[in-house]
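S.K.: Chains as they are written, first to last, in our numbering: chain A, 4 to 476; chain B, 1158 to 1249; chain C, 2 to 472.
Glycine is no exception: its CB is placed at the ideal position from the N, C-alpha and C atoms.
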Amino acid sequence: MSNYFDLPLITINQKLKNKEIKPIDLVNEAFEKIENNMEYNAFITLNKEKAIKKAIELENKEVDNILFGIPIALKDNIITKDLKTTCASKILDDFIPIYDSTVVKKLNKLNAIIIGKTNMDEFAMGSTNETSYYGPVLNAIDKTKVPGGSSGGSAVSVALKMVPISLGSDTGGSIRQPSAFNNVVGLKPTYGRVSRYGLVAFSSSLDQIGPITNSVIDNAILLNAISGIDNKDLTSSETNEDFTSEIGKTISGMKVCIPNFYMSEKVDIEIRNKINKVINFLKLNNVLVDYVDINFIDYAIPLYQIIALAEASSNLARFDGVRFGYKTDKKITNIDDFYKYTRNEGFGDEVKRRIMIGSYVLSGKNVDIYFKKALSIRKKLSDNMYQLFNHYDLIIGPTTTGFPYDLGTNKSSNESFMDDILTIPVNMAGLPAMSLPIGSNKPIGLQIIGNMFDEKTIYKFAAFLESNYKRGE
Amino acid sequence: MYKLSNEQIMHVADLAKLHMNDLDIEKYRKDLDEILNNIETIESLNINEEIMISPSNNFNVFSNKEEEDKVDVLINVKNRAGDFIKVEVENE
Amino acid sequence: MAYIPTIGLEVHCELKTKNKAFSNSKNTYGLTANSEANEIDMGYPGALPTLNKEIFDFGIKCAKALNCKINIDGYFDRKNYFYPDNSKNYQITQQDYPIGYDGYIEIEVNQMKKKIYIEEIHLEEDTAKSFHEKGLTLLDFNRSGIPLIEIVSKPNISNEIEAVLYVEKLREILSYSDISDVKIEEGSMRCDVNVSIRKEEYDKLGHKVEIKNVGSINSIKLAILSEIERQSILFDNNELIVEQTRKYDEKANSTILMRTKETKNDYRYFPEPDIPRVHIDDAWINSIQLLVLPDELREKYRSYGINDIGINALISNKELNGFLNETISLGADPIISSNLLTGDILSYLNKTGVSIYNTYINPSILNRLVNKIKNDEISSKMSKVIIQKILETGKDIDVIVKEEGLIKITNKEELNLLINNIINNNSNFINSNLDNKIKLEKYIMGQVMKETNGNADPIISLELIKEVLIK
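#1: Can you tell me whether C/R144 is buried or exposed, with buried defined as 16 or more other CB within 10 angstroms of its CB?
#2: Under 8 Å Cβ-Cβ, which residues of chain B neighbour A/Y302?
#3: Of the residues that make up the region 56-83 of chain C, which ones have a beta carbon closer than 7 Å to any beta carbon in chain A?
#4: For A/P2, tell me which candidate among A/M41, A/V429, A/Y43 and A/A45 has the shortest Cα-Cα distance.
#5: Locate the alpha helix (DSSP H) running through C/C63, then write down its first and last residues.
#6: Tell me the rounded alpha-carbon separation between B/E1249 and C/N35.
#7: Would DSSP call C/V168 helix, strand or coil?
#8: Should C/E40 be flagged as near chain B, meaning a C-beta pair shorter than 8 Å?
#9: Would you please state the rounded distance, in angstroms, between the beta carbons of A/T460 and A/L425? I believe it to be under 8 Å.
#10: So, for A/A477: in the same chain, excluding its five sequence neighbours on each side, which residues have a beta-carbon less than 6 Å away from its beta-carbon?
#11: Run through chain C and tell me which residues come within less than 8 Å of A/Y342, C-beta to C-beta.
#12: Assign A/D323 to one of three DSSP states: helix, strand, or coil.
#13: Hey, out of C/E393, C/I423, C/S384 and C/A457, whose CA is closest to C/K413's CA?
#14: List, in chain order, every chain A residue whose beta-carbon is nearer than 9 Å to that of B/A1238.
#15: Within a Cβ cutoff of 8 Å, which residues of the same chain sit near C/E163, ignoring the five residues on either side of it in sequence?
#16: By how many angstroms is the C-alpha of A/S362 removed from the C-alpha of A/E469?
#17: Once you ignore the five residues that flank B/E1245 on each side, which residues in its own chain have a CB closer than 8 Å to its CB?
#18: Name the residues in the region 369-388 of chain A whose C-beta lies less than 7 Å from a C-beta of chain C; which are they?
#19: Is there contact here, the region 367-380 of chain A with the region 1192-1203 of chain B, by at least three beta-carbon pairs under 8 Å?
#20: May I ask you to list the residues that DSSP assigns as paired with C/E15?
#21: Could you tell me which of A/N111, A/N243 and A/R326 sits nearest to C/Y84, measuring between CA atoms?
#22: Establish whether the CB of A/Y329 and some CB of chain C are separated by less than 8 Å.
#23: Under 9 Å between beta-carbons, which chain B residues line up against C/N476? List them in chain order, please.
#24: Pick helix, strand or coil for A/I117, following the three-state DSSP scheme.
#25: At what residue ranges does the region 89-144 of chain C contain a whole run of the beta strand (DSSP E), taking only runs of 3 or more?
#26: Please report the distance separating the alpha-carbon of C/N287 from that of C/F77.
#27: May I ask you to list, following chain order, the residues of the region 309-326 of chain A that have a beta carbon less than 9 Å from some beta carbon of chain B?
#28: For A/S366, does the three-state DSSP call read helix, strand or coil?
#29: Identify the contact partners of A/V364 in chain B, using a Cβ-Cβ distance below 8 Å as the criterion.
#30: Please report the Cβ distance between C/L463 and C/L416, rounded to the nearest whole angstrom; I am assuming they are in contact, meaning their Cβ atoms lie under 8 Å.
#31: Between the C-alpha atoms of C/T51 and A/S239, what's the straight-line distance to the nearest angstrom?
#32: 8 Å is my cut-off, CB to CB: does A/R357 come that close to chain C?
#33: Who are the Cβ neighbours of C/A64 in its own chain at under 8 Å, not counting the five residues just before and after it?
#34: Using only the alpha-carbon positions, how far apart do C/Q389 and C/I242 sit?
#35: How would you write the range of the beta strand (DSSP E) that A/S438 sits in, first residue to last?
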């Protein structure tokens, strides 16, 4: 079995150009590795036939860009035309989309090869990949632990090199947290950086699609490929840049800050120690490191529980059995029951809980007491974070408060939200953030948060650490 | 003391169009209560100024009216009557 | 006991845009079911709305036409409710920031002008069309996403007559501004009527009852009357009037309960996060031109001296106005032009169903005809024949005149000869009526016209007849 996926994209690309290898070799490696790792349950649907067909077609085409012929896995909430898309839910168990997401159109144009759709928490709701209708995903480093979520499958498939790159989605930490739990590089781009057209919406004002890779530069390359303004997503923006352009530069002279909130007792002491080691390294490299307070950051979780769940309750209303998806077999005598049985049978428990909370906070007077108030607090929190960038280049800290825990731990719904306490504030403000692996024997992610549309600086900083910071120490 | 009464849970389940019987209420109640307790921590904050609907600062973004490929919107419909989508409820 | 009714109206009109509000699907009518609906219109997972600028152009135009203030910052909201015709189970609408507010239109009741105030007007998307049979609903999503403007009046309509005048005036304005086809039967205009009653003028407004989707303007009148009666009886018996939604049954001429407001829908409105705000600046507002509105046209026509019947016919037949304007601008007499247009020409158009711009007549031809009438070259009777011939054959006026022998006979000698002939041939009748000059004049005139196929110049003929009779 080959191990081309151990190589950087640039190198794979060269080998393709030299005709040392062919796209079919890469596709074969992908499926071999997947078949050897079935127990991880990282995939819901495999695209074997079409991937092979495409690989063979590409043999006669010019290798005209770096993603040419590269196998990629997509989280199963990214719509793919003619390829089953389930969002890991029974309610979409047999759903074959009739159109392609914008990101998929871009990848197809570049001739990347879609290997399959990865497992996830149902409708992206969860942080352990245990709410999937298709069963949990196992942590790539320790099979008894959770892989994190909701992009568990995407993170694990890259960590185990079943594919060299994958796309996940992040609403409150769903790319960064599983990336930290599996020692891979995951980025949530600035809100609006990547088109959401074709991303099955969970929380419209928080969702973003982002790249998950094994290296920083590959991550930037993938972001280059999928970003850009899209007329079909009115919230998308364009800055026309190359995210790899600052990689390789020194970080000397940079200024970073760490919110005290991110180094509180909530965070496991081992993780805090590791962060302190990184801080020392940074100081040695002439980076200014300050500790700051961010007002309202401790309200991140109630804000998320209000805003994300309210938007979700509305976004998931369309799943009613009428135009697509699962519908109940029960004999029903009125349309209300049709909806209620279909949705009750089609959705899992966590999804139902969240839809109910979301409906509650928008109901009657609650919309002012909870929802609109939450939007005010969100503005204050976001402004406080934006202001930091007047003085600092980046905000850093740990990605998670702890390590991957046992599968089946059965935390309560409210407790599970705590897994995302350090990642949620970033989505609230729409800022870009990466999780960079800095642990050695245990998975620890360093969260690097940049200013709006400043992914370039994140990549510069992360690449320097990746090359120069010794994780073992 | 429960945060939500049975009626309130039934009401919210009705809004969300989820079937709910008494067993279900008990199943969900604890989690719903816990989350709502957490949500209520914002009540102590006295903020009611400008709201942030989205991190996007875009405005006046209009469609460019591109011609689109036709899609077969009926292909995933389970109940059809010719070109129409059918919804059938049994008469008692 | 007679109570004081208060009426409010909520009118939904389909906007005549080329594309739908939040997708690029075409805004068309009467195609195969579900053929003009894409993944956005169908509420597919992953689909996002786009924003058609046209709906704001139309919204601004409507705001101007209805004298509304314009909200310069436009936002949309989601109205959440489940129903098979609702493709996302939420509707994108404007709740907090409607495009227009605090407007009015003027109606004329008993020759007095009254302002009916408009609370707000807002943009929203339409739902799918549904056809119900017993237990079966068929859905066509072609209509899903078509842009609507909802016009909400303040409750200052006093009775069913004012309500009808309000709706008719609204239709006129929207039709003339080319904002909507406003055809109730086709569904491009839908009216919900709110009715409440109270004992005294100074009492608080009573509980209002909503009558949904009344099917015609006449039904609006009847529905209001029947609902007032229903509520009055309840009031008389000291019974409570419950806030509720009803439907007007035309056959029974009464309103029927649909649902009470206790099971009122909780729409959970919240700002739409997928559509960024719209900023409307002065330049944009100024760029939206309102064409001449019907009331202005009425004033203009009155100033020309056109009578009310003619004015009403012109206003009711929109396309005649442009035609009339063009004809007048060529120098034609307004009154004669209007008479021809609203008379013979309009009957032809009504009979054949064609548009005036698809006939052989054009403003230049009409102008020539009007001038000939004005100059007494042809009589109005002749003009009827000429118009028919033009419309049917497209031949030139002069050709028709020649072919039909429609030249006015003005030659006095010729006419005198004719008159004398008539007198000679009818000497008995004439002699027996020598004392009744008027009767003789009429009789002889009649004969002259008969003999000349109406071509004799009536004024000259009458003069000559009078002269002869004196002798």
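M.R.: Inspection of the coordinates gives the following:
#1: buried
#2: Those are T1198, I1199 and L1202, listed as they occur along chain B.
#3: R79, N81 and F83
#4: Outside the shown range of chain A (4 to 476) lies residue 2 of chain A, about which nothing can therefore be said.
#5: K54 to A66
#6: Any answer about B/E1249 is weak, because its pLDDT of 49 lies below 50 and its placement is not dependable; what the coordinates show is given next. Using only the alpha carbons, I get a separation of about 30 Å.
#7: Under the three-state reduction of DSSP output, C/V168 falls in the helix class.
#8: At least one chain B Cβ lies under 8 Å of C/E40.
#9: Between A/T460 and A/L425, the beta carbon gap of about 20 Å keeps them out of contact (Cβ cut-off 8 Å).
#10: The question about residue 477 of chain A has no answer, for chain A in this structure spans 4 to 476.
#11: F83
#12: coil
#13: C/A457
#14: Residues of chain A passing the Cβ test: none, with the nearest at roughly 13 Å.
#15: I8, I108, V110, K115 and I117
#16: 44 Å
#17: Taken in chain order, the residues that qualify are N1236.
#18: V370 and F374
#19: yes
#20: C/L149
#21: Looking at the Cα atoms, A/R326 is the closest of the given residues.
#22: no
#23: Since the first and last residues shown for chain C are 2 and 472, residue 476 of chain C lies out of range.
#24: strand
#25: 91-94, 101-110, 113-126, 130-134 and 137-141
#26: 23 Å
#27: I309, L312, S316, L319, A320, D323, G324, V325 and R326
#28: coil
#29: I1196
#30: Not confirmed; about 10 Å, so no contact.
#31: Each residue's alpha carbon lies about 12 Å from the other.
#32: no
#33: Within the same chain, Cβ atoms closer than 8 Å to the Cβ of C/A64 are found at K70, I71, I100, G101, G104 and I122, the five residues on either side in sequence being excluded.
#34: 60 Å
#35: A436 to P440
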